[in-house]
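Chains as they are written, first to last, in this note's numbering: chain A, 5 to 493; chain B, -8 to 121; chain C, 3 to 453.
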């Protein structure tokens, strides 16, 4: 059954939500500015609830089962996070209220800033960026501002390993830098020999994802960082894979100068079908003044009788604002809750068990799938989704077939340096039973790929819809429930 | 793979057919096959622009990839195929005919000699993994 | 703690891996930096954490316990109960970006419906799946215009009555574009409340985009037809930043010839939440659809011919284009966009008109009342929607301090952003403000001056 759109459910004149009648004298409306019509659906509340409930049942979610998307860290989202963010004293604060009336909110932000700084080994953190990619943009603009503040305008190039997420090159280009690719060596590390030839006085910095997108801790990391630093460049850390490092190693200690966090990955704030995320940025001491503002500081020290007064402060050489107000506060409450519940040992246990789960799955799957860079992995690993003796099948077919067994597929076609990549990140919140069930399905699908490949080519069979025609979607663009007027004429 | 011998080819998979000092440009059968279903074509230069060889003249997109089309030769843009914007699928169905992209009045015909002929291009493609 | 393993489970797993201890899995991490001791508070249980958080939350003054006249880009509106009921469903809350359409039709269709309603509201042909917030949507519109002209036009003309934070974010975003200038808001004329026509002389052949706000930052409603015409005559794009609630009452910016509409979607059923997460509205005419940043959902069919939805035009985006992509965005505000979709569908055309009219009438009543208080005047000088400027006889900060005694959150102090507007308060009135609230506000204002 196809779910009708809201517009198809609409019936002219059907009453919707009602507001009270005005309790003030009416003022004439501004003639000449009034809207004549508005093409909105007219549906009753019960229609709305049923429509969205039915739609929700067409989705797969963490609440239903394992969601092993590599680099996405789809861990369980604790419900206490939701309750905390909905406390009226958090959910219903206006961002422009006098600071005296929001001390609790500022205290929470202050502590979260310090905790994130402590977890990752940085001098300061700005919570403002809205998502991972937004944090990247912030970080690279900080890099740019740092070089410019030193009159070093020759640094025009950013080095990016070929295993990087696409956001890294896009971010660098948006910030006015030229992108230079750094290859991966046979062991899955940054190719140091090539890196050495690329580092010079034009190097603004390098963007490193560690563990990298192969799920490996880069064995050349310290040498690579030293090379870039010696050339006068800065090191950006993509924090997408921080889940593997909690309590294991601090990026700041490793020599990373600036990094974004993904609160929606590492710190369990929900992905919500594609957002909202939250991408705070941490920096080493020499970059503190460039952070986007405002950030929360103690503006008046407290004493025995008086708590400290928290205030909003603009860093001295700030790159400026990257969004309105202070960032995704609702996500801060959730991440704060999560960190509070874990403490230092609990966070280390998160990383350890995430890595344990990944290595266990890898051990169970190695017999049936090729592992292009096969060594102890961190929180995720990459398999090849193709076989020489099953030439018709590609990674996409495997993914689609997994859906028939009720599990979500891994990340496909990424990283680009592996053919038909299947990138698998189980996270620490999957139990042994869940991992075994997932491994069993993957082994079964590998078997099917050899015995009856057509089953995979035609998959999925049991999902609400079958494979979609993406070419039609792109060629005959239909982007809203009706055809725009100009075309219907 | 189809590779007509009445034109020459570049390493970035454009073809160019030279008639007098007028060059017609498109992308090869190999390129359209690698891109899969093309859903979008846009020239990034306009009639009257002067372009240098190996600089971008157009963009192609499929659902899974995007590719730049580069000028095989230097010259002035004298015509752009207006049909391609509305029917980008022509790049897949008729890469050497209806999917010509633009015409250039070439400024340095010697550049043409340096390009690959059909046989050389076929060998070049055979040497690449898909 | 949410790790479900027993010690026995871990033993089984380590054995399968061929490792003795968990620590053995981390030998690639440089030894001297491995397992640092983190200086964080010890772990607490759910009960304990909630108690701590409750205490922190209680120390804030919630707008629910106050009378709130603050606006300035974030507004306290009523949110129907059904909105939260839907967004708390785990199938929406805990799903990822809908990359696998076969198991994400719920998210995809909801976004498609969001796009439809935003397009209808703004009068544009196409809306993206949403952006981070109003300011970043405005910045993306500028970046979009820059790329639309392939970098050949290097000026954005922005109204000084465009939200100050939007203008700051536009400047941050364009730092990396050499030679790019943002002009029009420098207060050179010395009149922060100048009419929009003062932008006209600034629009030239170097202008990539002209941006105004509707209603503007001060709540005023202007007809921008002339600005739109001037922008188009110069070959530039014309962008209007909107308040979506106002568009329930006011004609859409497409009537002024807007090419791009941006805005803050927070008023559409999103809690204030101390500034975020909010909702960036970004919509455009169909000729610019490929220049539009962010996710787009399109309608298509599946292999059996059934209607289906899928992320489309993805070849514009960073994961394919990499350094050639014009934006690095790879999310939208998913759940927040869903909340606004539920809100818009609950209200419908009539409900949105009703809430907009309530805001309008209450704001005008408040303005009339305040204008009668000795020492205060209302100085908007144009029709306004639900926000207006009050000229005060003493510093706004002092007045607001006094108002807090009555749990009244007074309006925003414009002097913080506009030299020349010291003692000017920006007052916002929504449907949640009652006639009695307005009475209380006026009495307190009067007292504050005599205090």
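Heads up, the beta-carbon is just placed ideally off N, CA and C, and yes, glycines get one too.
Specify the secondary structure class of residue i as computed by DSSP and reduced to three states.
| i | result |
| --- | --- |
| residue 92(B) | coil |
| residue 337(A) | helix |
| residue 321(A) | coil |
| residue 220(C) | coil |
| residue 490(A) | Low per-residue confidence applies at residue 490(A): pLDDT is 43, beneath 50, and the placement is therefore not dependable, though the value from the model is reported in the following sentence. Three-state result, residue 490(A): helix. |
| residue 67(C) | helix |
| residue 60(C) | helix |
| residue 300(A) | strand |
| residue 130(A) | strand |
| residue 146(C) | helix |
| residue 105(A) | helix |
| residue 162(C) | coil |
| residue 97(A) | coil |
| residue 482(A) | coil |
| residue 232(C) | helix |
Anyone know if the C-beta pair for residue i and residue j falls short of 9 Å?
| i | j | result |
| --- | --- | --- |
| residue 129(A) | residue 316(A) | no |
| residue 203(A) | residue 235(A) | yes |
| residue 328(A) | residue 171(C) | yes |
| residue 68(B) | residue 478(A) | no |
| residue 483(A) | residue 398(C) | no |
| residue 211(A) | residue 242(A) | yes |
| residue 244(A) | residue 269(A) | yes |
| residue 199(A) | residue 225(A) | no |
| residue 291(C) | residue 135(C) | no |
| residue 331(C) | residue 142(C) | yes |
| residue 208(C) | residue 157(C) | yes |
| residue 326(A) | residue 141(A) | yes |
| residue 288(A) | residue 126(A) | yes |
| residue 330(A) | residue 99(A) | yes |
| residue 273(A) | residue 91(C) | no |
| residue 42(C) | residue 341(A) | no |
Within a Cβ cutoff of 6 Å, which residues of the same chain sit near residue i, ignoring the five residues on either side of it in sequence?
| i | result |
| --- | --- |
| residue 129(C) | 117, 120, 121, 285 |
| residue 382(A) | 215, 219, 221, 248, 359 |
| residue 182(A) | 160, 161 |
| residue 223(A) | 193 |
| residue 351(A) | 250, 251 |
| residue 353(C) | none |
Note down, in chain order, each residue of its chain lying with its Cβ closer than 8 Å to the Cβ of residue i, except the 5 sequence neighbours on either side.
| i | result |
| --- | --- |
| residue 385(C) | 222, 223 |
Taking the DSSP output, what are the residues bridged to residue i?
| i | result |
| --- | --- |
| residue 183(C) | 157(C) |
| residue 165(A) | 186(A) |
| residue 178(A) | According to DSSP, residue 178(A) bridges with nothing at all. |
| residue 415(C) | 427(C) |
| residue 55(A) | The partner list for residue 55(A) (beta bridge, DSSP) is empty, contrary to what the question assumes. |
| residue 66(B) | 42(B), 97(B) |
| residue 206(A) | For residue 206(A), which the question treats as bridged, DSSP gives no partner whatsoever. |
| residue 106(C) | 63(A) |
Looking only at C-alpha atoms, which of the options sits nearest to residue i?
| i | options | result |
| --- | --- | --- |
| residue 260(A) | 239(A), 271(A), 276(A), 274(A) | 239(A) |
| residue 259(C) | 337(C), 46(C), 238(C) | 238(C) |
| residue 218(C) | 334(C), 70(C), 28(C), 160(C) | 160(C) |
| residue 282(C) | 271(A), 332(A), 287(A) | 332(A) |
| residue 60(C) | 73(A), 450(A), 92(A), 376(A) | 92(A) |
| residue 40(C) | 122(A), 365(A), 285(A), 444(A) | 122(A) |
| residue 313(A) | 87(A), 97(A), 112(A), 365(A) | 112(A) |
| residue 416(A) | 432(A), 386(A), 436(A) | 386(A) |
| residue 47(A) | 462(A), 63(A), 8(A), 76(A) | 8(A) |
| residue 205(C) | 183(C), 216(C), 194(C) | 183(C) |
| residue 299(A) | 319(A), 426(A), 374(A) | 319(A) |
| residue -1(B) | 118(B), 110(B), 119(B), 117(B) | 110(B) |
| residue 334(C) | 34(C), 131(C), 74(C), 32(C) | 131(C) |
Counting only the same chain and skipping the five closest in sequence on each side, list residues whose C-beta sits under 7 Å from that of residue i.
| i | result |
| --- | --- |
| residue 274(C) | 65, 76, 78 |
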